[in-house]
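These notes are about the structure you will find just below.
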Amino acid sequence: MALKIAVVAGDGIGPEVIAEGCTLVRDVDRALDLSLSFDHKDWGAERWLKEGVGMPKGALEELARDYAAIYFGALGDPRIPDMAHGREILLGMRQGLDLYANFRPCKCLHERLSPLKGKGPAEIDMLVFRENTEDLYVALGGTFKQGTADEVAQDVSINTRKGVERILRHGFDTARARPRHDGMKKLTMTDKHNAVRFGGGLWKRTFDQLKGDYPDVTAEHLYVDVLAMEMVRKPERFHVVVANNLFGDILTDLGAALMGGLGLAASGNVHPGKIGMFEPVHGSAPDIAGKGVANPLAAFWTASLMLEFLATKDAALAPRLLRGARAIDAAVTACVDVGPRTPDLGGAARTQDVGAFVREHVGRALAA
Ligand SMILES: NC(=O)c1ccc[n+]([C@@H]2O[C@H](COP(=O)([O-])OP(=O)(O)OC[C@H]3O[C@@H](n4cnc5c(N)ncnc54)[C@H](O)[C@@H]3O)[C@@H](O)[C@H]2O)c1
């Protein structure tokens, strides 16, 4: 059966970079005979403003039942300042599809992109996993005496044994299956259990219990403040990093900066064995939307992560899907190296110039 992909281009530069990404994936699909199928969903600001609908009724059930993956652009529109549609669609998918593992490669592709002196591709190459369904992001809490001098506000952080264990196991499994370029297999778990005793304590105890199941993976614990410092000071000591929702949110943005900015940062939100949603890390960038200068490389790298995930869902197609993913990775690296560059990377190229370069590179690799 064809692997079905739901495409949610979204708002702002989302449709610009996702259009390029879809053209690229269709090329890969044709070259490798993957029989992927694409369905475009018009979820985003326009529909919200017209109909008050973020995701239509039954959409989550349909995604879970019929689709292998979601290729997602970005949401955000100045006409909806509270991002109500974004919350419904994006958080709806993350929670409703139980996409518990958010991951972002933090891999520097070229010395020139690194903000750290003397650190480049050999040093900056880690994969950050963020627990995506619990912690402070469950919207539990409230205010008391709001608007008075005695106001009290509370947000509740939820951590469950099941939630902590499954993200840690996924991190350990990934560290084992995908060593760093230099062969390192390591998982760094980060928390703050010296100060945040109960949730942090659960993370630390679970980590200590699980690490014995992975004797081939070096297991390390660092408090999150130390980790943030070390990511900048000595990024080469990290391979897989696993954090809760809040710490992961912050660390992954630090990771995006280490690899050269939002124009390159890719991410996946997956429930292993079920469905995955793949999105460039950046938002809808209203400041450059419609100008044709958005960098599509993050959306391309995201497409490669999606093909890699699809390979876990179809053993027969897996070798070809992985070949397609590697061809995209190589083309993105070549583009950063010698190809056209959009203004965010210091060039004057347009989105479509970058798309054409990457497609040509991929086409040549797959024809060989
Ligand atoms: N996952 C998402 O959908 C998501 C993520 C972040 C922000 N947002 C939303 O997007 C809107 C804009 O947010 P923001 O400005 O804080 O973040 P942003 O990521 O949209 O933009 C930040 C800066 O980076 C630049 N930038 C981002 N992506 C780029 C690309 N591909 N190529 C070149 N430059 C790029 C933008 O021009 C801007 O100057 C807001 O409504 C926000 O809520 C959505």
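Our numbering puts the first residue of the sequence shown at -4, with every later residue one more than the last. From the three backbone atoms N, C-alpha and C, an ideal C-beta is built for every residue, glycine too. Please read these numbers as outputs of a predicted model, since none were measured by experiment.
Worksheet entry | Euclidean distance between Cα positions of G53 and P174 | As a first step, residue 53 must be located in the sequence shown, where it is residue number 58. As a first step, residue 174 must be located in the sequence shown, where it is residue number 179. Near 40 Å, if we compare the C-alpha coordinates of P174 and G53.
Worksheet entry | Endpoints, the beta strand (DSSP E) within which Q141 is located | Looking up residue 141 in the sequence shown gives position 146. Unbroken run through Q141: none, as it is neither H nor E.
Worksheet entry | Span separating the alpha-carbon of A260 from that of G136 | Against the sequence shown, residue 260 aligns to sequence position 265. Against the sequence shown, residue 136 aligns to sequence position 141. Going by C-alpha positions, A260 is about 32 Å away from G136.
Fill in: Delimiting residues of the beta strand (DSSP E) encompassing S299
Position 304 of the sequence shown, counting from 1, holds the residue named residue 299. Taken as a continuous stretch (DSSP letters only), S299 belongs to no beta strand (DSSP E), being part of the alpha helix (DSSP H) at 292 to 306.
Discussion item. Is any non-hydrogen atom of ligand 1 found closer than 7 Å to the C-beta of T445, if you look at the structure I gave you?
Written reply: Outside the displayed range of the chain (-4 to 363) lies residue 445, so it cannot be described from this structure.
Practice prompt. Write down the C-beta distance between V236 and M121 rounded to the nearest angstrom, noting that I regard them as a contact closer than 8 Å.
Written response: Residue numbering aside, residue 236 sits at position 241 when the sequence shown is read from its first letter. Residue numbering aside, residue 121 sits at position 126 when the sequence shown is read from its first letter. Taking a contact as a CB-CB distance under 8 Å, the pair V236 and M121 counts as one, their CB atoms being some 6 Å apart.
Worksheet item: Within the present structure, is the beta-carbon of P174 separated from the nearest heavy atom of ligand 1 by less than 7 Å?
Response: In the sequence shown, counting from the first residue as 1, residue 174 sits at position 179. It does not: the Cβ of P174 is nowhere closer than 7 Å to a heavy atom of ligand 1.
Discussion item. With a threshold of 6 Å on Cβ separation, who are the neighbours of G194 within its own chain once the five nearest residues in sequence on each side are excluded?
Written reply: Position 199 of the sequence shown, counted from the start, is the residue given in the question as residue 194. Only S152, N154 meet the Cβ criterion.
Worksheet entry | First and last residue of the uninterrupted alpha helix (DSSP H) at T201 | As a position in the sequence shown, residue 201 is number 206, starting the count at 1. Here the alpha helix (DSSP H) through T201 covers 192 to 205.
Item to complete: Under 8 Å by Cβ, that's how I've got V357 and C330 pegged, so tell me the actual separation to the nearest angstrom.
Response: Counted from its first residue, the sequence shown places residue 357 at position 362. Counted from its first residue, the sequence shown places residue 330 at position 335. The beta-carbon distance between V357 and C330, rounded to whole angstroms, is 10 Å. This is too long to meet the 8 Å contact definition.
Worksheet entry | Closest Cα partner of A326 within the set L217, H80, V353 | Reading the sequence shown from its first residue, position 331 is the one you call residue 326. The residue with the shortest Cα to Cα distance from A326 is V353.
Worksheet entry | Through-space distance from A40 to E129, alpha-carbon basis | If you number the sequence shown from 1, residue 129 lands on position 134. If you number the sequence shown from 1, residue 40 lands on position 45. Taken atom to atom, the span from the alpha-carbon of E129 to that of A40 is near 27 Å.
Worksheet item: In whole angstroms, what is the alpha-carbon distance linking K181 and H234?
Response: The residue labelled residue 181 in the question sits at position 186 within the sequence shown. The residue labelled residue 234 in the question sits at position 239 within the sequence shown. So the alpha carbons of these two residues sit roughly 6 Å apart.
Worksheet item: Does at least one heavy atom of ligand 1 sit under 7 Å from the Cβ of G243?
Response: Position 248 of the sequence shown, counting from 1, holds the residue named residue 243. Relative to ligand 1, even the nearest heavy atom lies 7 Å or more away from the CB of G243.
Discussion item. Within the continuous beta strand (DSSP E) that includes T183, where are the two ends?
Written reply: Start at 1 with the first residue of the sequence shown, and residue 183 comes out as number 188. Start and end: 181 to 186.
Discussion item. Ligand 1 and N290: does any heavy atom of the ligand fall closer than 7 Å to the residue's C-beta?
Written reply: Indexing the sequence shown from 1 puts residue 290 at position 295. Annotation for N290 indicates a beta carbon within 7 Å of some heavy atom of ligand 1.
Discussion item. Quick check on DSSP: helix, strand or coil for G342?
Written reply: On the sequence shown, position 347 is the one that residue 342 refers to. Coil, per DSSP.
Item to complete: With a 10 Å radius around its C-beta and 16 neighbouring C-beta atoms as the bar for buried, classify R107 as buried or exposed.
Response: The residue labelled residue 107 in the question sits at position 112 within the sequence shown. Note on R107: under 16 other CB atoms within 10 angstroms of its CB, so exposed under the neighbour-count rule.
Worksheet item: With contact counted as at least three CB pairs below 8 Å, one residue from each stretch, are the region 91 to 98 and the region 281 to 297 in contact?
Response: Because the criterion of three Cβ pairs below 8 Å is not met, the region 91 to 98 and the region 281 to 297 do not touch.
Worksheet item: What number of angstroms, rounded off, separates the C-alpha of A368 from the C-alpha of R318?
Response: In the structure as shown, the chain begins at -4 and stops at 363. Residue 368 is therefore absent and cannot be evaluated.
Worksheet item: Could you give the distance in angstroms between the alpha-carbon of L361 and the alpha-carbon of A320?
Response: Counting from 1 along the sequence shown, the entry for residue 361 is found at position 366. Counting from 1 along the sequence shown, the entry for residue 320 is found at position 325. Distance between the alpha carbons of L361 and A320 is about 11 Å.
Fill in: Three or more C-beta pairs below 8 Å linking the region 27 to 47 and the region 0 to 16
Touching, per the Cβ criterion.
Worksheet entry | CB contact flag (R99, V227, <8 Å) | Within the sequence shown, numbered from 1, the residue matching residue 99 stands at position 104. Within the sequence shown, numbered from 1, the residue matching residue 227 stands at position 232. No, they are not a contact pair.
Fill in: Contact check, V288 vs T337, beta carbons under 8 Å
Working through the sequence shown from its first residue, we reach residue 288 at position 293. Working through the sequence shown from its first residue, we reach residue 337 at position 342. Cβ distance < 8 Å, so V288 and T337 count as in contact.
Worksheet entry | Any non-hydrogen atom of ligand 1 closer than 7 Å to H80 Cβ | Taking the first residue of the sequence shown as 1, we reach residue 80 at position 85. Not one heavy atom of ligand 1 falls within 7 Å of the beta-carbon of H80.
Worksheet item: Is the closest heavy atom of ligand 1 to the C-beta of G285 under 7 Å?
Response: The residue given as residue 285 occupies position 290 in the sequence shown. For ligand 1, not one heavy atom lies less than 7 Å from the Cβ of G285.
Discussion item. On the CB-based measure, 16 or more other CB atoms within 10 Å of its CB, does M254 come out buried or exposed?
Written reply: Stepping through the sequence shown from its first residue, residue 254 is reached at position 259. The residue in question, M254, is buried, as its Cβ has 16 or more Cβ neighbours within 10 Å.
Worksheet item: DSSP beta-bridge partners for S32?
Response: Counted from its first residue, the sequence shown places residue 32 at position 37. DSSP lists K(-1) as partners of S32.
Item to complete: Per DSSP, which residues does A322 bridge with? Please list them.
Response: Position 327 of the sequence shown, counting from 1, holds the residue named residue 322. BP columns for A322 are empty, so no partner.
Worksheet item: If you draw a straight line from the C-alpha of A14 to the C-alpha of T297, how long is it?
Response: The residue given as residue 14 occupies position 19 in the sequence shown. The residue given as residue 297 occupies position 302 in the sequence shown. Their backbone Cα atoms lie some 13 Å apart in a straight line.
Item to complete: Look at the Cβ atom of D163, then the Cβ atom of F202, and state whether they are nearer than 8 Å.
Response: On the sequence shown, residue 163 is found 168 positions in, with the first residue counted as 1. On the sequence shown, residue 202 is found 207 positions in, with the first residue counted as 1. Sequence check: residue 163 is Leu here, not Asp. Yes, the Cβ-Cβ distance between L163 and F202 is below 8 Å.
Worksheet item: If you run the structure through DSSP and keep just helix, strand and coil, what is V147?
Response: Taking the first residue of the sequence shown as position 1, residue 147 is located at position 152. In the structure shown, V147 sits in a strand (DSSP, three-state: E or B).
Discussion item. I'd like to check one pair, T183 with L217: are the Cβ atoms closer than 8 Å?
Written reply: Your numbering for residue 217 matches position 222 in the sequence shown. Your numbering for residue 183 matches position 188 in the sequence shown. Contact flag set, yes.
Worksheet item: Hey, quick one: how far does the beta strand (DSSP E) through A216 stretch, first residue to last?
Response: The count along the sequence shown starts at 1 and reaches residue 216 at position 221. According to the sequence displayed, residue 216 carries His and not Ala. 213 to 218 is the extent of the beta strand (DSSP E) around H216.
Worksheet item: When every heavy atom of ligand 1 is checked, does at least one fall within less than 7 Å of the C-beta of A69?
Response: For this step, residue 69 is matched to residue 74 along the sequence shown. Yes, ligand 1 has a heavy atom inside 7 Å of this Cβ.
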